[in-house]
Each structure stands twice: as C-alpha cells, then as structure tokens.
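With numbering that gives the first Met the number 0 applied, the sequence shown corresponds to residues 0 to 425, in that order.
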Amino acid sequence: MTSSPPPDSHPTGPPSGPLSGHPHEPTQVAPQPGARPEEPYTPETAPRPGGPSGPGGPGGRGGGGGGGGGGAGGGRPWWRSAPRVAIIAAVVVAAVIITIVLTRPSGTTSEVFAEPAASTGPNPVTKSSANESTPTTSATPKQSSGSNSEFSGATPGLYGGTENSASCDVEKQISYLTGAPAKNKAFAGVVGVTPGDVPRYLRSLTPVQLAYDTRVTNHGYKDGKTTEFQSVLQAGTAVMVDAYGVPRVRCKCGNPLTEPKALQGNVKTVGTKWPGYRSSNVVVVKPAKSKIKEFTLRNPKTGTWFKRPQGTTGTSDSPTSPPSETPSGPSSSQPPPNESPSSGETSSGTTGSPGTSTGETTGQPPGTTGGSNTTGGTPSSTGGETGPGGGTTGGETPSEGVQGGGTGTPGSGGAPGGGGGTPPSS
Numbered sequence: 000m001t002s003s004p005p006p007d008s009h010p011t012g013p014p015s016g017p018l019s020g021h022p023h024e025p026t027q028v029a030p031q032p033g034a035r036p037e038e039p040y041t042p043e044t045a046p047r048p049g050g051p052s053g054p055g056g057p058g059g060r061g062g063g064g065g066g067g068g069g070g071a072g073g074g075r076p077w078w079r080s081a082p083r084v085a086i087i088a089a090v091v092v093a094a095v096i097i098t099i100v101l102t103r104p105s106g107t108t109s110e111v112f113a114e115p116a117a118s119t120g121p122n123p124v125t126k127s128s129a130n131e132s133t134p135t136t137s138a139t140p141k142q143s144s145g146s147n148s149e150f151s152g153a154t155p156g157l158y159g160g161t162e163n164s165a166s167c168d169v170e171k172q173i174s175y176l177t178g179a180p181a182k183n184k185a186f187a188g189v190v191g192v193t194p195g196d197v198p199r200y201l202r203s204l205t206p207v208q209l210a211y212d213t214r215v216t217n218h219g220y221k222d223g224k225t226t227e228f229q230s231v232l233q234a235g236t237a238v239m240v241d242a243y244g245v246p247r248v249r250c251k252c253g254n255p256l257t258e259p260k261a262l263q264g265n266v267k268t269v270g271t272k273w274p275g276y277r278s279s280n281v282v283v284v285k286p287a288k289s290k291i292k293e294f295t296l297r298n299p300k301t302g303t304w305f306k307r308p309q310g311t312t313g314t315s316d317s318p319t320s321p322p323s324e325t326p327s328g329p330s331s332s333q334p335p336p337n338e339s340p341s342s343g344e345t346s347s348g349t350t351g352s353p354g355t356s357t358g359e360t361t362g363q364p365p366g367t368t369g370g371s372n373t374t375g376g377t378p379s380s381t382g383g384e385t386g387p388g389g390g391t392t393g394g395e396t397p398s399e400g401v402q403g404g405g406t407g408t409p410g411s412g413g414a415p416g417g418g419g420g421t422p423p424s425s
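As structure tokens, then:
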C-alpha cells in the first residue's frame with residue numbers, strides 16, 4: 000500500500016501506468032503549488048462573414064474570448080419573419096374591427112307618436128276634462144344652432160288660450176281621479192306627489208293651449224299600470240302647466256306628462272299626423288329658472304294678447320301689449336288669426352296607436368333635448384306655488400331670465416309599475 004507524499008514533497012518520477020490520451024498529445028504536468036497555471040492554446044478563428052462580431056465567447060481567466068458570436072448579428076430582420084408579421088397584422092385588424100363596432104350607429108330606431116289636438120289618444124287615464132282643444136296652426140319656431148328648438152316655460156307666446164276661459168276643467172279632472180283610486184295612485188306616482196295631494200297639485204296648475212307642436216313624455220294607463228311613450232302634441236292641445244311652465248296634464252285624456260326623453264338613432268313618426276306637421280318645427284319646453292307669476296298668452300282666434308296669473312283658470316285674465324319676442328321672433332311672426340288646420344289625418348295606413356309607422360323617418364329627433372339654445376321669458380315670480388314635480392314652496396324669487404340647458408325636472412318621479420317602451424293599442 001502506497002502512502003500519500005507529504006504536502007511539501009515533489010514527485011520523484013513519472014506516475015506509474017500508461018499515459019492517458021493519444022500518443023501525439025503532450026504530457027500533462029501537474030501544476031506547481033502557487034504557480035499560475037498555463038492557459039490552454041486556443042487557435043484563432045476567423046470571424047464569420049455577414050455582420051459585425053458579437054460578444055466573445057467565454058475564455059480563460061485574463062484571456063480574451065474567441066471572436067465567435069457573429070451569428071446573432073447576421074440574422075434576418077424581424078419584418079422578414081412570417082410568424083411575427085402575421086401576429087402584428089392580426090392585432091391591427093382586430094383593433095380596426097373593435098373601433099368600427101364601437102363607433103358606428105347602433106341601428107336603433109326611436110318612435111314618436113303624433114297626437115292631434117282633438118284626439119283622445121291611446122290608453123287614456125280618464126275621460127276628457129278639456130273645455131277647448133281646437134287645433135291651431137303651429138308657428139315656426141326660431142331654429143337654434145343645434146337640431147332642436149328648446150324654450151323656457153316662461154317664454155311669452157309659447158302658450159295660448161281664450162281670455163276669461165279655461166281650456167281645462169280642473170275640478171272635473173280631480174273628480175275623475177279621486178273616483179278611481181288605482182288611477183289616482185298611478186297619476187300621483189308620475190307627477191311626484193302622494194295620492195292625497197293630487198287635488199291640491201291639480202289646482203296649482205294653469206290651463207292653457209299649446210301654441211306650438213310640442214314633444215312630451217306621455218303616460219297612459221293600461222292593465223292596471225302606467226305606460227310611457229314619446230308624443231308630439233299638436234298646437235291647440237289643451238294642457239295644464241306647472242309653475243315652471245312645463246306641461247303636466249293632457250286634458251283630453253287625463254294623462255300625466257313629463258319632459259321628453261332623448262331619442263336614439265333614426266326617429267320614426269307614428270300615429271296620426273296633421274296637415275303642416277314638420278318634425279323640425281316641434282319644440283321642447285324646459286322648466287323656467289324660477290316660478291312664473293303670470294303667463295303671457297295669445298288668443299289664436301283673434302290675435303290678441305293677455306296675461307293669466309299662474310294657478311288661475313281665466314277669471315283673473317287681463318289684456319296686455321304684444322311682447323317683443325316670442326318663440327318665433329317678434330310677435331308679428333305669429334300666424335294670422337282664425338287659421339285653424341283640421342284635427343289631423345292618418346297617413347300611410349296608420350292606426351291610432353303607438354308602434355305603427357307612418358313611413359316618415361328622420362335622422363334627427365323632433366325636439367330632442369340638448370345641443371341648442373333656450374329662449375327665456377321675463378315674468379316675475381312669487382312664492383307659494385307648486386314646484387316642477389309637485390310640492391309647494393314659499394318665498395319670493397327674482398324675475399325669470401333666460402333659461403339655460405338642463406335635463407329633467409326635480410320631483411318628476413317614475414310611474415309605479417309602469418314601463419318604458421311603446422304602449423299597445425287601446
């Protein structure tokens with residue numbers, strides 16, 4: 000058994016046994032302790048053509064790596080890689096498709112139901128309480144920079160009527176509703192008051208006639224619940240307006256009214272149109288900035304002007320001079336007296352209920368809210384009058400100025416059990 004040499008001793012001869020490796024390889028000599036080992040010889044390799052050399056390969060300590068690595072610089076550009084180009088093209092196509100889908104028109108069509116002044120309309124809430132609902136010629140409203148004509152409820156000439164005569168019988172309307180508790184409850188839900196407050200609410204309204212074809216949200220009653228649809232009411236229609244000048248009741252059918260909703264896509268007029276109907280002449284009424292003390296009305300039969308205090312039924316009317324401005328411009332722009340169109344005509348084989356097209360489709364909704372200027376009136380105001388959606392408030396407020404934009408009227412509640420959409424035929 001051979002013992003290991005001490006650490007300080009040097010080998011005395013060649014190791015026993017055959018040498019490893021091929022005969023031509025040099026004999027490996029064990030490194031001396033503390034001596035720097037020799038670095039193996041590496042033949043120089045010529046750089047590969049096709050581009051600048053990349054980083055050298057691993058070398059020994061202190062030695063430079065070989066000149067390899069030129070392959071990375073000599074590869075094809077990314078745009079010549081078919082898989083990469085295909086992936087990028089797919090991403091671009093997907094982005095274009097998503098953009099088109101998100102920005103194109105939805106293709107929906109909104110319906111507006113045309114209701115002549117003398118018609119009851121679909122799904123009436125009560126019998127008629129109208130004393131006078133005679134069609135009149137709608138004046139042409141001033142066109143704003145947008146597609147719609149919006150006016151404050153305080154604008155002189157927006158409404159009309161007959162001196163010392165109410166277009167609606169308020170007490171008759173109260174008796175109809177109080178005699179039908181279910182309808183009374185539904186009516187109260189739409190206008191935003193309690194059922195017990197309906198009589199007080201109705202007495203706070205002012206009976207007038209529309210001087211312009213006017214768009215509203217109409218609420219009928221069918222199968223024990225309210226229905227909702229967009230309507231254009233013909234000029235001459237008897238309505239009751241609140242202290243802010245917004246139509247709240249259509250007297251021919253007892254239906255509660257609220258402000259119109261925005262229409263989407265193309266607009267299709269259904270129902271019964273009347274001679275001279277133009278969707279571009281339809282107006283939208285916005286609430287006045289403050290409560291109205293007096294309405295400035297025009298008698299369409301005589302052309303005379305008069306004042307009607309808010310919340311009265313004609314007993315306190317007083318004559319007045321023509322206003323300087325109306326929704327059509329100067330008072331001289333109003334239609335001549337005694338021009339009354341017929342009550343309406345059914346076109347394109349329509350029926351008298353929402354959902355039946357007359358064939359008239361327009362790209363712009365008649366009187367859609369938004370995007371237009373609003374012309375205001377200048378009546379002063381007083382306290383103790385009913386707010387836009389019911390409720391009595393006190394205090395005196397400044398005179399009415401120009402009515403700005405805005406949506407919705409405070410206190411206009413949704414109809415309980417009612418649904419949006421077009422009501423079925425009654």
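Glycine is no exception: its CB is placed at the ideal position from the N, C-alpha and C atoms.
Using a 10 Å radius around the Cβ and a threshold of 16 neighbouring Cβ atoms, would you call residue i buried or exposed?
| i | result |
| --- | --- |
| P286 | buried |
| G270 | buried |
| I87 | exposed |
| R83 | exposed |
| A113 | buried |
| T125 | buried |
| V207 | buried |
| A85 | exposed |
| G156 | buried |
| V284 | buried |
| S331 | exposed |
| N163 | exposed |
| V95 | exposed |
| S128 | buried |
| E170 | exposed |
| V329 | Reading off the sequence, residue 329 comes out as Pro, not Val. Classification of P329: exposed, given that the 10 Å Cβ count is below 16. |
| A261 | exposed |
| P335 | exposed |
| T136 | buried |
Helix, strand or coil for residue i, going by three-state DSSP, please let me know.
| i | result |
| --- | --- |
| N254 | strand |
| T213 | strand |
| V91 | helix |
| E199 | Checking the displayed sequence, the identity of residue 199 turns out to be Arg instead of Glu. DSSP places R199 in helix when its eight states are reduced to three. |
| V245 | coil |
| V190 | helix |
| N298 | coil |
| K182 | helix |
| S331 | helix |
| P82 | helix |
| S317 | strand |
| T98 | helix |
| S323 | coil |
| S278 | helix |
| Q208 | strand |
| K288 | coil |
| G223 | coil |
| A237 | strand |
Whole angstroms is fine: what's the gap from residue i's alpha carbon to residue j's?
| i | j | result |
| --- | --- | --- |
| P255 | Q263 | 23 angstroms |
| A444 | R277 | Outside the displayed span of the chain (0 to 425) sits residue 444, for which this structure offers no information. |
| Y200 | Y158 | 20 angstroms |
| A181 | G223 | 7 angstroms |
| S279 | R249 | 22 angstroms |
| C167 | L232 | 16 angstroms |
| I291 | Q142 | 25 angstroms |
| E227 | T257 | 10 angstroms |
| T98 | K267 | 28 angstroms |
| S317 | V111 | 37 angstroms |
| A185 | G313 | 29 angstroms |
| A117 | L176 | 21 angstroms |
| Y211 | V238 | 12 angstroms |
| S174 | G275 | 36 angstroms |
| A138 | V282 | 10 angstroms |
| F305 | S315 | 10 angstroms |
| V245 | S323 | 22 angstroms |
| N234 | P194 | Reading off the sequence, residue 234 comes out as Ala, not Asn. If I take the Cα positions, the gap works out to 30 angstroms. |
| H218 | T205 | 19 angstroms |
| S109 | S80 | 51 angstroms |
| Q172 | T107 | 38 angstroms |
| T303 | P321 | 8 angstroms |
| A153 | F294 | 7 angstroms |
| N183 | V197 | 8 angstroms |
| G149 | K221 | Reading off the sequence shown, one finds Glu at residue 149, where the question assumed Gly. Each residue's Cα considered, the two are about 31 angstroms apart. |
| T216 | S203 | 21 angstroms |
| R213 | S289 | A small fix is needed here, since residue 213 is Thr in this sequence, not Arg. Each residue's Cα considered, the two are about 21 angstroms apart. |
| W273 | V240 | 24 angstroms |
| V189 | K300 | 34 angstroms |
- Message: List, from N- to C-terminal side, the alpha helix (DSSP H) runs of 4 residues or more that fit wholly inside the stretch 100-180.
- Response: Those alpha helix (DSSP H) runs which fall completely within the stretch 100-180 and span 4+ residues are 169-177.
- Message: Taking 8 angstroms as the cut-off, does the stretch 80-100 touch the stretch 114-133 (at least 3 CB pairs, one atom from each stretch)?
- Response: No contact exists between the stretch 114-133 and the stretch 80-100.
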